[in-house]
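Step one of this worksheet: look at the structure below.
2 protein chains.
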Amino acid sequence: MTVLGAIEAGGTKFVCGIGNEQGEVLERASFPTATPAETMENVISFFEGKGIEALGVGSFGPIDPIEGSDTYGYITTTPKPHWGNYNLIGKLKEHFDVPMGFDTDVNGAALGESIWGAAKGLDSCLYITIGTGIGAGALVGGKLIHGLSHPEMGHILVRRHPEDTYEGTCPYHGDCLEGLAAGPSLEKRWKVKGHELSVDHPAWEMEAYYLAQALMSYVLILSPQKIIMGGGVMKQEQLFPLVRSKLQELLNGYVQHPSLTTDIDQYIVSPGLGDNAGLCGALALAKEKLSR
Amino acid sequence: MTVLGAIEAGGTKFVCGIGNEQGEVLERASFPTATPAETMENVISFFEGKGIEALGVGSFGPIDPIEGSDTYGYITTTPKPHWGNYNLIGKLKEHFDVPMGFDTDVNGAALGESIWGAAKGLDSCLYITIGTGIGAGALVGGKLIHGLSHPEMGHILVRRHPEDTYEGTCPYHGDCLEGLAAGPSLEKRWKVKGHELSVDHPAWEMEAYYLAQALMSYVLILSPQKIIMGGGVMKQEQLFPLVRSKLQELLNGYVQHPSLTTDIDQYIVSPGLGDNAGLCGALALAKEKLSR
C-alpha cells in the first residue's frame, strides 16, 4: 500500500489525514488555525514517523499553485492574520522529503470527486462549496484549472433578485455571488441562521436564483460534465431542485444536452465523498503528484 | 514542408486556405454559406489535388467536437437553414483521407493565437470575438475547453447598465451579453451603425461596461494568462482602454497579479494574427491534430 498524507488547510482548522490510493482515509486529526508556528508544529508532529510517500495540500487562498513561480507553495495575499505570504510547502519540505501536491481546497475537491466521487471517470467537473464563503474548483481535460493563478469563481457578479435589498457582505465587491449567497449573507439578510429558516421560506428561492446564475456562467464557460455542490448551505436539500429548475429557466433551452434537460438530477449533485470531499481532495492531490 | 488545409466555416462564408506549420497562409478562397451541397462542392474542389496532409475546421456552432460521440463532426442544433444536424467532417472525410481537427471557430482562434499570435508560448488564453454575435474560446493547461460540449461564453448574463433601456437581441435570453453587446444590439439601441458613432459617444462606455463584466467572469473562472479581443466591434480601438479600466474597477484589487494591475495593457490585447485569427485558428487545429 502506498501511504499518502493529506492536509485540508482551512481558515478555522487544518484537517490532516493518512490515506491510500483508493481514497480511503485511515487516520485523521484536526488542529485549529492559529499562528503558522503553532499550527504547523501540530501538523508536522502528526505526519512524523508515518512513512508518507507523498503529501497533498488543499488550502484556503489565495495561494500560488503555479509550479516554477518564485512564490510557489505560498499562501499569498490572505487577510488572515499571520498567514499572508506564508511558505506552506516550503515549511513542509523542511520536514518531509516527498513529492507534494498543492492547490486550492476546491480544486483539490474537484480532483477527488473525479477520481473517487460523483464525477468518477469524467475528465471534467466543477466542485462548488457554499458555506462561510463561496469557492469553486474545476477540472478541464483532466487537469485542474490554472493560468495566471487559480480560479476565484465565488466572486463573479450576479444580477440582484428584484426583492433583495441586502447590500452584500463582500469587502471587495459588495454584492458579488459570495457577497449575496454565502452563509453569512443569508444570516444577515434574514436575521436568523440559515438552518433556522423553514424549508419553504422565500430565502431559498432567492438563494437558488443566485446559485443558478453562477451555474449558468460555469456551464457556458466551462461546459463541465458534472456539477457538484457542497458546503454547509447545501445541506439544505431543498436547494437542489430549486437550483436545477432555475438553471433550466435561465438557460431557456439554449444548451441542448440531456445533462441540462432530462438528466439534470444526475448532473447537479451532492459530493460523492460527502463531508470527506475536502480531505479526500488533498489526498487526490498527493496521488496525482505521485503519478506524475 | 507539411501542407495543411484550413476551413473557417462561418454563417455567411466559408474561408478555405492552404498553409503550413509556421502559420503562413499560402493560398485562400472564400465561398458563400449557401446550402451544404453548394458550399461543400466549392470547398471540396478547392482542396482537391493540393496534397493536404491534415485539415482543420473552425466552425460556427453549435457543433459536436467531442471525439467518440455519435454526432462528432456535426454542426448540430443551429437555426441556420439546411445546416442543422449536418455531418461536416463526415462529408470532408468522403473526399480527403487525412487527419482532421474540428472545433468552434473561437476555440480554433484561441489555439492559433497560442501557437503563433498574441498568446505565443502560453498554455492558457482566452479569445473573444465581438461582431454580429459574441463567442469565446479558451485554452486551459494547453488544451481547448471541452466537456459536455464546447463553451458558449457569449451568452453569460451581465448586469444591465443603469442607463440602458434596450431590451436585448438574444432570442433565448434577451439581455445576455450577446443580446446587449454584439454589433446588432449596438445598432438597434443607437439607431446607427456602430462605426458611425463618434469615439467619445456614451455607447462605448456602456459597451465597455458589458464587456468588462464578461471579462471579470472569464478571469475569475478561468484565470487565463492572456485575453485576446477580436471581431468587428473591437475595431473601435477606443474600447480597449475603456474595457481595461472598467475591469480593474469591477475587480477592485481582488486578484493581485501584475497582468491585472500594472501590465493590463499587455494582458487585454488585439489578435496577434489580426484578421487572419479565424483562418489561422483552423490551421492550428490541423497542426494540432497532426502532432497528436
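Residue numbers (our numbering), protein chains in the order written: chain A, 62 to 353; chain B, 62 to 353. Backbone N, C-alpha and C fix where the C-beta goes; we use that ideal spot for every residue, glycine too. Values in this document were obtained by computation on a predicted structure and should not be read as measured data.
Classification of residue i by the beta-carbon crowding that lies within 10 angstroms, buried from 16 upward
i, result
"MET62 of chain A", "exposed"
"VAL318 of chain B", "The identity of residue 318 of chain B in the sequence shown is His, whereas the question assumes Val. Classification of HIS318 of chain B: buried, given that the 10 Å Cβ count is 16 or more."
"LEU87 of chain B", "exposed"
"GLU224 of chain A", "exposed"
"LYS287 of chain A", "buried"
"PRO126 of chain B", "buried"
"ASP326 of chain B", "exposed"
"VAL118 of chain B", "buried"
"SER106 of chain A", "exposed"
"ASP164 of chain A", "buried"
"GLU99 of chain B", "exposed"
"GLY178 of chain B", "buried"
"GLU128 of chain A", "exposed"
"GLN83 of chain A", "exposed"
"HIS256 of chain B", "exposed"
Residue i at chain A interface by Cβ criterion, 7 Å
i, result
"ILE390 of chain B", "Outside the modelled stretch of chain B, which goes from 62 to 353, sits residue 390 of chain B, for which no answer is possible."
"GLY212 of chain B", "Correcting the residue identity first, residue 212 of chain B is Pro in this sequence and not Gly. By this cut-off, PRO212 of chain B is an interface position."
"HIS355 of chain B", "Beyond the ends of chain B as shown, which are 62 and 353, falls residue 355 of chain B; an answer cannot be given."
"VAL304 of chain B", "no"
"PRO97 of chain B", "no"
"SER320 of chain B", "yes"
"SER185 of chain B", "yes"
"ILE189 of chain B", "no"
"GLN83 of chain B", "no"
"GLN274 of chain B", "yes"
"SER130 of chain B", "no"
"LYS204 of chain B", "yes"
"SER91 of chain B", "no"
"THR193 of chain B", "no"
Test: residue i CB closer than 7 Å to a CB of chain B
i, result
"ILE282 of chain A", "yes"
"LEU209 of chain A", "yes"
"MET290 of chain A", "no"
"TYR315 of chain A", "yes"
"PHE329 of chain A", "The sequence as given places Ile at residue 329 of chain A; Phe does not occur at that position. No, its Cβ sits nowhere closer than 7 Å to a Cβ of chain B."
"LYS167 of chain A", "Before going on, a small fix: residue 167 of chain A reads as Val here, not Lys. No, because no Cβ of chain B sits closer than 7 Å to the Cβ of VAL167 of chain A."
"LEU87 of chain A", "no"
"VAL201 of chain A", "yes"
"PRO142 of chain A", "no"
"ILE217 of chain A", "yes"
"PRO232 of chain A", "no"
"PRO245 of chain A", "no"
"PRO285 of chain A", "yes"
"SER120 of chain A", "no"
"ILE127 of chain A", "no"
"THR138 of chain A", "yes"
8 Å Cβ shell around residue i - same chain, five flanking residues per side excluded
i, result
"GLY202 of chain A", "ASP184 and SER185"
"TRP265 of chain A", "LEU258, GLN297, GLN299, LEU300 and LEU303"
"GLN309 of chain B", "LEU321, THR322 and ILE325"
"SER278 of chain A", "ILE217"
Residues near residue i by beta carbon distance below 7 Å, same chain, minus five either side
i, result
"ALA242 of chain A", "ILE191, ILE195, GLU268, TYR271 and LEU272"
"GLU174 of chain A", "ALA180, CYS186, TYR188, ILE289, PRO332, GLY333, LEU334 and ALA338"
"GLY293 of chain B", "GLY192 and GLY244"
"LYS141 of chain A", "GLY72"
"LYS350 of chain A", "ALA115, GLY117, PRO160, MET161 and GLY162"
"LYS254 of chain A", "GLU248"
"ASP236 of chain A", "ARG221, GLU228 and GLY229"
heavy atom of the ligand GDP below 6 Å from residue i C-beta
i, result
"ALA197 of chain B", "Because no ligand of any kind appears in the structure shown, any question about the ligand GDP cannot be addressed here."
Close Cβ partners of residue i (< 6 Å) along its chain, the five nearest in sequence each way excluded
i, result
"THR230 of chain A", "GLY240, PRO245 and SER246"
"ILE176 of chain A", "ALA345"
"HIS222 of chain B", "MET267 and TYR270"
"CYS341 of chain B", "GLY84, GLY173 and LEU334"
Proximal residues of chain C, C-beta to C-beta of residue i below 7 Å
i, result
"TYR279 of chain A", "As a matter of chain content, chain C is missing from the structure shown, whose protein chains are A and B."
Cβ contact (3+ pairs, closer than 8 Å) linking the stretch 204-212 of chain A and the stretch 155-175 of chain A: With the cut-off at 8 Å, the stretch 204-212 of chain A and the stretch 155-175 of chain A touch.
Every unbroken beta strand (DSSP E) inside the stretch 106-172 of chain B [3 residues or more]: Whole beta strand (DSSP E) segments, 3+ residues: 115-120 and 161-165.
Continuous alpha helix (DSSP H) assignments of at least 4 residues falling wholly in the stretch 223-266 of chain B: Contiguous alpha helix (DSSP H) elements confined to the stretch 223-266 of chain B occur at 238-242 and 244-251, taking only those with 4 or more residues.
Alpha helix (DSSP H) runs contained entirely in the stretch 174-216 of chain B, provided each spans 4 or more residues: Listed in chain order, nothing qualifies, since the stretch 174-216 of chain B has no complete alpha helix (DSSP H) run of 4 or more residues.
Ordered list of alpha helix (DSSP H) runs contained in the stretch 283-350 of chain B, each at least 4 residues: DSSP runs (the alpha helix (DSSP H)) wholly in the stretch 283-350 of chain B: 300-312 and 325-328.
contact_flag[the stretch 98-116 of chain A, the stretch 152-159 of chain A] where n(CB pairs < 8 Å) is 3 or more: Yes, the stretch 98-116 of chain A is in contact with the stretch 152-159 of chain A.
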